[in-house]
Every structure is written in structure tokens, then in C-alpha cells.
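Per full-length UniProt numbering, residue 1 is the first one in the sequence shown, and the count goes up by one each step. Backbone N, C-alpha and C define an ideal beta-carbon position, used for all residues, glycine too. Report on the structure given below.
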Amino acid sequence: MEVLTPAQIKSICLAILESGKQYAVKKRKPFPLMYSYYGTEYLGAAHGLSSILQMLLSYFEYLQPADQELVWQSVDFLMDQEQNSNWPPELGETIERENELVHWCHGAPGIAYLFAKAYLVSKKPQYLDTCIRCGELTWQKGLLKKGPGICHGVAGSAYVFLLLYRLTGNSKYIYRAQRCVEVFYIYFHAGRVEEPYVSITKKRQMPKDGYSEEVEKEVGQAEGKLCTHRSAFSRASVIQAFLGSAPQLTLQLYICVLQQEITAARSIFMVLSLLSIVYGALRCNILAIKIKYDDYDVSVKPAAYLCIFMWRSFEIATRVTVLVLFSSVLQIWTLPVVLVNFFGFFFYPWILFWQSKSPFPENIEKALSRVGTTIVLCLLTFLYAGINMFCWSAVQVKLNDPDLINKSQNWYRLTVYYMLRFIENAFLLLMWYIYRTDIYLYVCAPLLVLQLLIAYCMAILFMLVFYQFCHPCKKLFSSSITEGLLSSFTFCFVCKSPKSSTLTDKADLKSSENADESQSSNKTIDSPNGNPHQSVSSNA
């Protein structure tokens, strides 16, 4: 059904052109076409020049050649107004990066339609390049917080990616459009009940001169989902490292020892496995810090990453080498050593839980039965035991805690672990030294034992440096690590109780004193119906 006749369309286009030419002449513009909306010369798609030019290009065949040239001159002028792949809302305005608008109504997402149409009409690549830059900026700036609408919402951004997919055929734009569809699912997941679009989280900054400032931050629903996915990836990297790469590294090194040969492919594979384990241990340390100090805005510096990397590299490499050397000469005793270590750490959280006489955890997942909850807890302690087989687990499991994580900094447990692990490594090396076979004929055994023990001491040294100087939350410790270790040694060897039985840090003490305040540290903007929505966790 024809709404407008060709003659009517042509007359409308001529009226638009005449209005633009008159305004440009009246205001002495250096370009042929310009328009104003309530006295403001907008450039965006909602009330500005770009949508008018797009419409004229859509009916280009109705224009005279002279008028077509005026349209192209105006399109090129608008392209020259680009500022870092974006356009200001009105002519002559400079974009402020902090308050930059990347909306369909004002900015690149809406203006991209004009250059897409210009490319389809003229086939000039500069218009397609400009359109692609608009799409990249839209993706880099992320999802909008103002709902699912077209004007300044997710729909206006999503359509840019569909437009670019039709122009280029590049599948990455379909992927980006799908991510926007996921946001629509978040908005409308509750059906008729409207969910809040943003959450407000409160984080304390690290104390300066004894004063800690509290900072509020808006977190969108989609951003919260991304934080959840990022957190899940971090935990998955830990699982993959200690339940996949660690056994694989041990096996490959064991094969090399028995064959007395290290091929190039196997050496590369072992290096990658070691880096995977070290990365998993590093992620475990960062997760522990963010979980324990959830109320604080934690920033980990490069020096801290370096200390953790060196600490974990020496610790894991030494541990794997000791296990391989021992198993190469006393195969029959390898399984008992592994089982004692594994089941000791597996049952340790359960023993502490039974001693506490706490009720069985019921808040893990509402959909889980008691049997399902037990299986989940067993899998958690299984991972905990797998980590402690090779290195100290920074995340300590505490089954009687609602979060299942021990948030206190227990120097005593850390001291006992490294003391016992050092003694065990020394004993296993001694057994290897006594029962070593002819395959080690050309190996200087005393020197190798000394090197491995020194390497483990180097791991402990880097750990001490990290906790003493590089820990991002060291200001919250009630005592330094040196004081904590001295107190622990005194307790172990002199049987004199330390000043604090748990040696917890300030953050843990404050959280117990200010329970009400910590519960209200995360607030949410509720929907008009008044339904609360959980704020986003920062353990990502």
C-alpha cells in the first residue's frame, strides 16, 4: 500500500533542502545544509543533521544533481566534525571525555546510520571506515545504564552491530549484538516485575592517616553479569591449574627422569604446565584478598604480582621436583604419601566444622537438597586438598562460615603449614638420597638436595616480602607477618599462647563489631514496585 506518491516524496525532499539552504545562508555556514531545533544546531540522529541527511540519501534518486552535490558536501562536512570516533551533540561543541555521550540520539551509534547509507549509495570506503569506527567506539564504551530503549538505551547500541554485520559480514558484530540481547533478557527476565537498572555499591578506600573514605559506585546489571562471569573464570583457572596442569606436570617430569631425556616438545609442555599452575595459584591469592577485604577498594600493584609469581614459582617447582624424585626410587611408598597429604587436607575443614558444632550449611543454593549440598561441599574440599598438595592455599575453607571462606589472616596456620611442608620435603629428599639408583649416577645428589631446599626457602622469602611490603591491605593487619610468625614460633616451640589466639587482622575484627554496617555496605536502587535486587559482588 502506497502511503506517499513519488511526487509527494519529491516535494518533501525539496522542502527539506530549501529549509537547510536558507538556514545555512542566513547563519553564514561554510557548508550548504544546516538545521536547528529550538535554536540549537544538533548533529545527532534524534534532532540533528545526520538523520536529515540519511533521509535525503534514502530518496537520492528524487534529487537533482546539484542538490545531490549539496547533500554530499554536507555529509563530508559532518564526517570532518568527528572527534575520537564520536560527534558532539551540537555544532561547535567540544567533547568532554568524562561526560561523553555515546547514544543513538547524540553520538556515534545514531550517526553510524548516515555513513552506512552513504556507503551503500556511493560505495566509497571512507564512509564504511567511519561507520566501523562508530561501532568500535560503541562496543568500547559498553552498555548503557538507561534501560533497553533505542534513544539512549541498549537497543540503540545493538542495532549498530546488526548494521555493521550486514555491511561487512564479520561475525564479531553478530556476537556483540547477541551480548546486547542478553541484556534485554536481564531487563525482562522477571516478566511484569520491573527490575532496577543499576545497583550502588559502597567500597572503602585504604586507610590514610587513620581515616578510610567510603566511595559509592554505580554498577549496571550487565556489568554485574560480566563481573560474575569474570569471577567464574578466575575460579575455573584455579581448578584447571591444580586438578589438570599440576598432575600433568608431575607425570611429564617423572617420564623425563625415567627416560633420562628431555625432548624439546616435552620441555615446552612442562613449562606451560608450570606457568598454568603458577597462574592458578596467583589467581587464588588475588581471590583470597578480594574475598577477605570485600568492603575495601583493593588495588594490587605490579610489585605484588611479581612477589606472588616468584613465591609460587619456587614453591610449586620445588614441590613437584621433590615428589618426582621420591617416586622414582620408592614407587611403593608414593601412594601412601600422596593419600596422607590429600586426605589430611580433605578432612581438615570437616574436622574443624564438626568441632565447631555449627548447623549444617543450608544457604549454599536453595535448589540443592542436603545430599546435593554435601556433594558441593565435598567438591570444594576436594579442590582445597588438591591445591594444598602442591602449595599453600591462600583461600582457606571454613564450612561453618556463610561464605565458606575463612576471612581472618591466620599466621599460625600459615607457619605450621610451611614448617611441616619443609620437614616433609627434607625427609622425602633424604629418602631419595639414601635409596637413589644408578640413573642418578651422574647427578651430584648433595648439591641437588641443597638447591631444592634453598629454592623452597626462596619461596618462603618471597612470601614474607609480599606480606610485609607488597600486600595491598597490609595497613589493615593487626600485626605484621614477622610479629605473627614470631608469635607462632613461640606457641609451637615454647608452648606459650600468643597474644591473639586467632591472630586475625583489623578487617575481621571490625566486621564482627560492625555487623549492621557491613550488611548495609551494598545498596540497590529498587524498581518502582519496591522489589529489592541484590547488589553485585566484588569478588571478581
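When the alpha-carbon of residue 394 is set against those of 342, 486, 292 and 162, the nearest one is in 292. Here the C-alpha atom of residue 167 lies approximately 14 Å from the C-alpha atom of residue 136.
Restricting attention to 453, 342, 452 and 117, the CA atom closest to the CA of residue 75 is found in 117. For residue 285, the three-state secondary structure derived from DSSP is helix. Per the DSSP secondary-structure output, residue 83 pairs in a beta bridge with 86. As DSSP reads the structure, residue 397 sits in a beta bridge with 405. If you check the CB distance, residue 156 and residue 150 come in under 8 Å. Apart from sequence neighbours up to five positions away, the residues of its chain that approach residue 439 with a beta-carbon distance below 8 Å are 257, 258, 260 and 328, ordered along the chain. Excluding sequence positions up to five before and after residue 255, its CB lies within less than 8 Å of the CB of 266, all in the same chain and listed in chain order. Between the alpha carbons of residue 373 and residue 379 lies a gap of roughly 10 Å.
DSSP places residue 206 outside any alpha helix (DSSP H), giving it a letter other than H or E. Between residue 353 and residue 400, the alpha-carbon positions lie close to 6 Å from each other. Within the same chain, Cβ atoms closer than 7 Å to the Cβ of residue 31 are found at 24, 73, 74 and 77, the five residues on either side in sequence being excluded. CA-CA distance, residue 43 to residue 103, rounds to 12 Å. Relative to the Cα of residue 152, the nearest Cα in the group 182, 100 and 391 belongs to 100. If the five residues before and after residue 310 are omitted, its C-beta is found closer than 7 Å to the C-beta atoms of 462, all from its own chain and listed in chain order.
The C-alpha of residue 165 is placed about 14 Å away from the C-alpha of residue 120. Between residue 392 and the set 419, 454, 368 and 65, the nearest pair of CA atoms involves 419.
Per DSSP, residue 129 is one residue of the alpha helix (DSSP H) stretching across 125-141. Measuring C-alpha to C-alpha distances from residue 278 to each of 294, 466, 241 and 263 identifies 241 as the nearest. The Cβ-Cβ distance between residue 53 and residue 128 does not fall below 8 Å. With respect to the C-alpha of residue 112, the residue from 46, 21, 144 and 303 having the closest C-alpha is 46. The Cβ neighbour count for residue 423, taken over all protein chains shown within 10 Å, is under 16; the residue is labelled exposed.
Contact annotation: residue 245 and residue 273 have beta-carbon atoms nearer than 8 Å. Excluding five sequence positions before and after residue 50, the CB atoms of its chain that fall closer than 7 Å to its own CB belong to 43, 44, 78, 110, 111 and 114, given in chain order. One thing to note: residue 405 has its Cβ within 8 Å of the Cβ of residue 398. Check the Cα spacing between residue 412 and each of 357, 490, 10 and 432: the tightest is with 490. Residue range 445-465 is occupied by the alpha helix (DSSP H) that includes residue 445. Excluding sequence positions up to five before and after residue 297, its CB lies within less than 6 Å of the CB of 203 and 205, all in the same chain and listed in chain order. Within its own chain, the residues whose Cβ lies closer than 6 Å to the Cβ of residue 176, once the five positions on either side in sequence are excluded, are 139 and 161, listed in chain order. For the pair residue 433 and residue 473, the Cα-to-Cα distance works out to about 42 Å. Within the model, the alpha-carbon separation for residue 10 versus residue 85 is close to 33 Å. Here residue 269 has 252 as same chain residues with Cβ atoms under 7 Å from its own Cβ, once five neighbours each way along the sequence are excluded. In this structure, residue 237 lies away from residue 169, with their beta-carbon atoms at least 8 Å apart.
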